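Engineer: In mature numbering (1 follows the signal peptide of the UniProt record, and there is no 0), the protein residues as written are -22 to -1, 1 to 358.
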Amino acid sequence: MRQRLLLTALLSTTLLSGCASWFESSTGPKPTPLRDVATLQAIKPNWTASGLGNTAAGFTPVYDRGNVIAADKEGRIVVLDASTGRETARFDLKRELVSGVAVAADRLLVGTGSGSLLAVDRHTGKTLWEAPLTSVTLEAAQVGGEVAVVRTNDSRLTGLNVKDGSQLWSVGRLAPQLIVRDTGSMQVVGAEAVLVGMPAGKLVVASLSSGATLWEGVVANARGATELERVTDVVSRPVFNGNDVCAVAYQGRVACFEARTGNLAWAREVSSSRGIALDVKNVYVTGEDGSVSAFDRTSGRNVWKLDDLKNRNISGPVMLGRYVLVADAEGYAHLLSNESGAIVGRLRLDTEGWTGQPVSVGESVLIQGRNGRLSMLSLG
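Rendered as structure tokens:
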């Protein structure tokens, strides 16, 4: 597995760059060889589509009203029929983009390399407005009601009116000197709140209308003797489901909180920048080393842990039916039993890895590869 940890100076903040926080090294851990799988549940590709250029972490496709919408770094946006993968619209903004697409009714919102949020008509590609930001965006905007929330790499959270791009509020926070690069740690809940993973192991629940903090929880506390060892950031998307809000921190813990009060329900040691998934019983986490674990959603008890995919640059987990699906850097999709963690199915994709956590679309899962190809998968 290729490992990388890139220290980059941005303003007064240093970012630890990459979806995984690894040192670039030819002597790093070798990817665990894949064992043959006795297929108990097949995975089938509903469709595969190309037409985008190379993408990076943070370019996650979105599903909206029967369409799949995705973008690449060169400014191309494609709109596909979610059932067939047929391309229904294509726009070339001729602008460098730094994040994927957010959808606000008939507007598509994208972050530009020049530090602005751009809104285009989803039918014509015409620019509707462009709002300057204090810095470049770290991830796609999140939309709730009439508010688009943008997070920039100067640790500022900003709410914009989706109709005209006017600023509604802006809240800045202090950040440690070293932080892990964030490519997707916000999640809007309805039209009232946004969950935001923060540096220093914090999870913030903020009001969509004002940006005010409703509650703040500690996912993990910094530990270690050096600044590098003490980096503990929530850099993957928190998950809300019913009464629970759960998040995981790099070099930290996975933790679940009571959604209304912010009271900590439980926390368990695990390091991850990849993301989590929930079902009615468990919380599923991809560890930084490529292991995949399940924790009991009520108590936090460890239910199972799979080590067969270590060092294969595994994506965050996503639910496909009652199974757990992850993708690896060689383009394989792996289907895991939610009860035991055993690999029960596997499919080779033409996606050259993944750009973010796979996306659940009803009874299917959508994956965008680093080569720009999109694949919609379902159970066979």
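From the three backbone atoms N, C-alpha and C, an ideal C-beta is built for every residue, glycine too. All values derive from a computational prediction rather than experimental measurement.
In angstroms, rounded to a whole number, what distance separates the CA positions of Ser113 and Ser94?
Structural biologist: Their backbone Cα atoms lie some 8 Å apart in a straight line.
Engineer: Check Ala178 in the structure and name its three-state DSSP category.
Structural biologist: helix
Engineer: With distances taken between CB atoms, is the gap from Ser185 to Met176 smaller than 9 Å?
Structural biologist: no
Engineer: May I ask you to report which of helix, strand or coil DSSP gives Lys292?
Structural biologist: It should be pointed out that residue 292 corresponds to Ile in this sequence rather than to Lys. It is coil, neither helix nor strand.
Engineer: Just the Cα atoms here: how many angstroms apart are Gly230 and Ser250?
Structural biologist: 8 Å
Engineer: Among the candidates Ser92, Arg151, Gly63, whose CA atom is the shortest distance from the CA of Lys51?
Structural biologist: Ser92
Engineer: Ignore the nearest five residues each way along the sequence and tell me which others in Thr264's own chain have a CB closer than 7 Å to its CB.
Structural biologist: Ser250, Arg252, Gly253, Val270, Ile292, Ser293, Gly294, Pro295, Val304
Engineer: Would you mind sorting Leu173 into buried or exposed? The rule is 16 or more other CB atoms within 10 Å of its CB.
Structural biologist: Per the 10 Å Cβ criterion, buried.
Engineer: Going by DSSP, what residues sit across from Ala217 in a beta bridge?
Structural biologist: According to the sequence as given, residue 217 is Val; it is not Ala. Per DSSP, Cys224.
Engineer: Beta carbon of Gly268, beta carbon of Asp306: below 9 Å?
Structural biologist: yes
Engineer: Could you check where the beta strand (DSSP E) with Gly323 kicks off and where it finishes?
Structural biologist: 321 to 326
Engineer: What do you reckon, are the CB atoms on Leu327 and Glu341 nearer than 9 Å?
Structural biologist: no
Engineer: I believe Leu18 touches Ala49 by the beta-carbon criterion, under 8 Å. Please report the beta-carbon distance rounded to the nearest angstrom.
Structural biologist: Contact flag wrong, Cβ pair sits at about 36 Å.
Engineer: What does the Cβ neighbour count give for Glu117, buried or exposed, with the cut at 16 atoms within 10 Å?
Structural biologist: Buried, because 16 or more other Cβ atoms sit within 10 Å of the Cβ of Glu117.
Engineer: Would you call the CB atoms of Val209 and Val232 closer than 9 Å?
Structural biologist: no
Engineer: Using 8 Å for Cβ pairs, my map puts Leu325 next to Thr26. What's the rounded Cβ distance?
Structural biologist: With 8 Å as the limit, Leu325 and Thr26 do not qualify as a contact, their Cβ atoms being about 11 Å apart.
Engineer: Who are the Cβ neighbours of Gly309 in its own chain at under 8 Å, not counting the five residues just before and after it?
Structural biologist: Arg326, Leu327, Asp328, Thr329, Glu330, Gly331, Gly347
Engineer: Go through its chain and collect everything with a Cβ distance to Pro154's Cβ below 7 Å, but skip five positions before and after it.
Structural biologist: Pro177, Ala178
Engineer: What does the Cβ neighbour count give for Thr102, buried or exposed, with the cut at 16 atoms within 10 Å?
Structural biologist: exposed
Engineer: Have a look at Asn316 and Val81 and give me their C-alpha separation to the nearest angstrom.
Structural biologist: 31 Å
Engineer: On the DSSP bridge list, what partners appear for Trp107?
Structural biologist: Paired residues: Ala97.
Engineer: Once you ignore the five residues that flank Tyr41 on each side, which residues in its own chain have a CB closer than 7 Å to its CB?
Structural biologist: Ala60, Val337, Val339, Leu344
Engineer: Under a Cβ-count criterion, where at least 16 other Cβ atoms within 10 Å of its own Cβ denotes burial, should Val258 be classed as buried or exposed?
Structural biologist: It counts as exposed.
Engineer: What does DSSP give as the partner residue(s) for Gly268 in the beta ladder?
Structural biologist: BP columns for Gly268 are empty, so no partner.
Engineer: Which residues in the same chain as Glu236 place their Cβ atom closer than 7 Å to its Cβ, once the five residues preceding and following it in sequence are excluded?
Structural biologist: Asn221, Ala243
Engineer: Does the Cβ of Ala227 have 16 or more other Cβ atoms within 10 Å, making it buried, or fewer, making it exposed?
Structural biologist: buried
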